[in-house]
DNA sequence: TTGTCAAGCAAGCAATTGCTTGGTAAATTA
DNA sequence: TAATTTACCAAGCAATTGCTTGCTTGACAA
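Chains as they are written, first to last, in the working numbering: chain B, 1 to 205; chain W, 206 to 410.
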C-alpha cells in the first residue's frame, strides 16, 4: 500500500477545511469575483483558486458555472425578501415602516450582502430564460411587498404618489447606491437611507 | 483583371457599404451587443457578424477589443455631457432648467443612446485603470454641472437638499430607469422624467 | 479488516477566444 | 498608366475556456 507515499510535493493537505461548508465557501468567493469582474470575466479557475481548490473540483458541488451564478443570485434576493418581511411584521406606522425598510435594504445592499445583491442586480440577466424567470418572480414579489408599504404612505399623506413608476424610481435611487457607495467614505448605509427618506417623503408637519 | 470572377460564393461584395462609415457601424453594433450580452459575453466574431465582416476585420479599425469598449463608452458620456450643456445654455429658471435636464437625460438614456449609455453605466468598469480614469473624469464633470442645477433649485426653494448624497440618489433614480424601461410600455421617457420631478421637487406654490 | 462514501486532485479534451499575418480587390492619387 | 492606400478576407495560432474522467485520500461503518 502506498499510504505514505507522496509522489510529488504538489499533493497538499486534503483535509484543509475545519469548517465543513465548502459549498458555501464557493458561492461566497464566486459572489465576490462576479461582483469584481463580472460573471463572464470570472473563470472557474478564479473561483477554485479563491477557495484553494483545483479547477475541476467546484463541479463536484455544482453541475455547471451557470448553477453557481443562479445560486449566488437567489441567495441575494432570498435574504432581501426575508429581511423585508421581517421588518413589515413589526407593524410600525407607515412612515416608520418605510424608513425601516429602506434602512434594512441598504444595510444588506451595502454591507454583508454587497456581492450577492450586486450579482442579483447586475449579473442575473446572464442566466438563461428559465432561471431568470425564477429570479424575476422573486424580485416581483419584493416589489409587490414594497408597494404595499408605499400605499400606506400615500394614505397617511407622507407620499404624493405610489404609482408603478414612482416605485421604480424610489427603488432605483436605493439600488443605484451600490454603484457609488464607498465603505471607507463619510456616510454609512443608515445615513444614506435617511437621506433618501428625506428626499421622497413629505416634510413632517 | 478578375473583376467579374468570383472564386467562390463566400466572396461577398467588398464595396457593400454605400455609407462609408464602417467604423461607426462597428461601434453601434458593439454597443448593442455589449448591452445585450455584456462586454465579456460578446465576442469579436459576434461584432464582426453583425456588420457583415470576418472576425479579423474589426482590428483594422480598432487595435483591440478593449478599444472598442472604450470608444463606445466615451461616445455615450460625451453625448450626454454635450446635451446637458446645451440645455443649461438656454438659461431657464431653476425649476424649468432642472426639468429640461432630466427630460434630456432620459430621452437619450432610454432612446437613441440606450446602448451607449448602458455600456457607459454598466460595462465601463471593465476597462483598465487608465481608460477608466478618463471615463470617470467625464462623468465627474457631468455630475459637477448637474450639481449646479440642483444648487439653484435649493436657492429657489424647490429642493430641500443638494448634498452629494442627494445628488447621487436623484441621478440613481434616473439612471436606474434604463433597467426597467420598456419601450413598448405605457409611459415614454418624458413622462417618466416628469414623474421624477414630481417626486423630488417641492409642490408648486 | 473490509467496504463505502464524501471530497477533491491531476490531467487533459474539445471548443472558443482575442488577435496576427499575408494577401487582394477596389478606390484614390500621382 | 503606375503607385499607393483603404478596407477587408482567409487562415490560423497560442492561449484560455468550461467541463469530464479516472483515480486518490481520509473518515466512518460493518
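Heads up, the beta-carbon is just placed ideally off N, CA and C, and yes, glycines get one too.
Model, not experiment: these values are computed from the prediction.
First through last residue of the alpha helix (DSSP H) which encompasses residue 201 of chain B = Your numbering for residue 201 of chain B matches position 201 in the first chain. Neither: residue 201 of chain B is in no alpha helix (DSSP H) and is coded neither H nor E.
With a threshold of 16 other CB atoms inside 10 Å of the CB of residue 204 of chain B, please say whether the residue is buried or exposed.
-> The residue you call residue 204 of chain B lines up with position 204 of the first chain. Exposed, since its Cβ has fewer than 16 Cβ neighbours within 10 Å.
List, in order along the chain, the chain B residues whose C-beta lies closer than 7 Å to that of residue 331 of chain W?
-> Mapped onto the second chain, residue 331 of chain W falls at position 126. Going along chain B in sequence order, the residues near residue 331 of chain W (Cβ under 7 Å) are 38, 41.
Straight-line CA distance for residue 268 of chain W to residue 235 of chain W?
-> Your numbering for residue 268 of chain W matches position 63 in the second chain. Your numbering for residue 235 of chain W matches position 30 in the second chain. Distance between the alpha carbons of residue 268 of chain W and residue 235 of chain W is about 15 Å.
Alpha carbon to alpha carbon, what distance is there between residue 394 of chain W and residue 56 of chain B?
-> Taking the first chain and counting its residues from 1, the one referred to as residue 56 of chain B is at position 56. Taking the second chain and counting its residues from 1, the one referred to as residue 394 of chain W is at position 189. Approximately 48 Å, taken between the alpha carbons.
Residue 348 of chain W lies in the alpha helix (DSSP H); which residues open and close that run?
-> Translated into positions along the second chain, residue 348 of chain W becomes position 143. First-last of the alpha helix (DSSP H) with residue 348 of chain W: 334-360.
With respect to the alpha helix (DSSP H) encompassing residue 80 of chain B, which residues constitute its N-terminal and C-terminal limits?
-> Here residue 80 of chain B refers to the residue found at position 80 of the first chain. Looking at the DSSP string, the run of the alpha helix (DSSP H) that includes residue 80 of chain B is 65-89.
Check each candidate in W:302, W:298, W:283 and name the one with the smallest Cα separation from residue 292 of chain W.
-> The count along the second chain starts at 1 and reaches residue 292 of chain W at position 87. Taking each of W:302, W:298, W:283 in turn and checking the Cα distance to residue 292 of chain W, the smallest one comes out for W:302.
Where residue 2 of chain B falls: helix, strand or coil (DSSP) | Indexing the first chain from 1 puts residue 2 of chain B at position 2. The predicted model places residue 2 of chain B with a pLDDT of 28, which falls under 50 and marks its position as unreliable; any figure quoted below should be read in that light. Reduced to three states, the DSSP call for residue 2 of chain B is coil.
So residue 309 of chain W is in the alpha helix (DSSP H); what residue range does that whole segment cover?
-> Locating residue 309 of chain W in the second chain gives position 104, where the first residue counts as 1. Counted as a single uninterrupted DSSP element, the alpha helix (DSSP H) harbouring residue 309 of chain W occupies residues 299-315.
Of all Cβ atoms in chain B, is any one closer than 8 Å to the Cβ of residue 377 of chain W?
-> Here residue 377 of chain W corresponds to residue number 172 of the second chain, with the count starting at 1. Interface residue, yes.
If you measure from the beta carbon of residue 122 of chain B to each beta carbon in chain W, is any gap under 8 Å?
-> Along the first chain, one-based indexing puts residue 122 of chain B at 122. Answer yes: the Cβ-Cβ gap between residue 122 of chain B and chain W drops below 8 Å somewhere.
Would you call the CB atoms of residue 119 of chain B and residue 34 of chain B closer than 8 Å?
-> The count along the first chain starts at 1 and reaches residue 119 of chain B at position 119. The count along the first chain starts at 1 and reaches residue 34 of chain B at position 34. Taking 8 Å as the Cβ cut-off, residue 119 of chain B and residue 34 of chain B qualify as a contacting pair.
Taking one C-beta from the stretch 352-359 of chain W and one from the stretch 142-151 of chain B each time, how about it: are there three or more such pairs within less than 8 Å?
-> no
Rounded to whole angstroms, how far is the Cβ of residue 169 of chain B from the Cβ of residue 376 of chain W, which I believe are closer than 8 Å?
-> Within the first chain, numbered from 1, the residue matching residue 169 of chain B stands at position 169. Within the second chain, numbered from 1, the residue matching residue 376 of chain W stands at position 171. That pair is no contact at about 12 Å.
Best match in W:271, W:248, W:397, W:255 for proximity to residue 311 of chain W [C-alpha to C-alpha] = Position 106 of the second chain, counting from 1, holds the residue named residue 311 of chain W. When only C-alpha atoms are compared, the closest one is W:397.
Identify which residue in W:281, W:383, W:348, W:258 has its Cα closest to the Cα of residue 368 of chain W.
-> As a first step, residue 368 of chain W is located in the second chain; it is residue number 163 there, counting from the start. Here the closest residue by C-alpha is W:348.
Out of B:90, B:185, B:104, B:40, state which residue places its alpha-carbon closest to the alpha-carbon of residue 123 of chain B.
-> Residue mapping note: residue 123 of chain B aligns to position 123 of the first chain, counting from 1. Nearest C-alpha to residue 123 of chain B: B:40.
For residue 166 of chain B and chain W, any beta-carbon pair shorter than 8 Å?
-> Residue 166 of chain B sits at position 166 when you count from the first residue of the first chain. Residue 166 of chain B counts as touching chain W.
Would you mind telling me which residues of chain B sit closer than 8 Å to residue 392 of chain W, beta carbon to beta carbon, in chain order?
-> Counting from 1 along the second chain, the entry for residue 392 of chain W is found at position 187. 165, listed in chain order.
Which chain W residues are close to residue 175 of chain B, counting only those with a beta carbon under 7 Å from its beta carbon?
-> Counted from its first residue, the first chain places residue 175 of chain B at position 175. Ordered by position in chain W, the residues that pass the 7 Å Cβ test against residue 175 of chain B are 381.
First and last residue of the uninterrupted alpha helix (DSSP H) at residue 177 of chain B = Translated into positions along the first chain, residue 177 of chain B becomes position 177. Unbroken alpha helix (DSSP H) run through residue 177 of chain B: 164-180.
Output, in chain order, the set of chain W residues within a Cβ distance shorter than 8 Å of residue 196 of chain B.
-> Here residue 196 of chain B corresponds to residue number 196 of the first chain, with the count starting at 1. Chain W residues near residue 196 of chain B: 374.
As assigned by DSSP and simplified to three states, the class of residue 60 of chain B = On the first chain, position 60 is the one that residue 60 of chain B refers to. Three-state DSSP puts residue 60 of chain B in a helix.
In angstroms with no decimal places, state the Cα-to-Cα distance between residue 407 of chain W and residue 26 of chain B.
-> To locate residue 407 of chain W, count along the second chain from 1; it is residue 202. To locate residue 26 of chain B, count along the first chain from 1; it is residue 26. Each residue's alpha carbon lies about 48 Å from the other.
Just the C-alpha distance for residue 229 of chain W and residue 361 of chain W, rounded to the nearest angstrom, thanks.
-> What you label residue 229 of chain W is simply residue 24 of the second chain in a count that begins at 1. What you label residue 361 of chain W is simply residue 156 of the second chain in a count that begins at 1. Our two residues, residue 229 of chain W and residue 361 of chain W, have alpha carbons roughly 43 Å apart in a direct line.
Closest Cα partner of residue 252 of chain B within the set B:173, B:28, B:137, B:158 = Because residue 252 of chain B is not part of the residues shown, which for chain B are 1 to 205, the question remains open.
Enumerate in chain order the residues of its own chain whose CB-to-CB distance from residue 102 of chain B is below 7 Å, with the five nearest sequence positions on each side excluded.
-> Position 102 of the first chain holds residue 102 of chain B. 174, 193, 196, 197.
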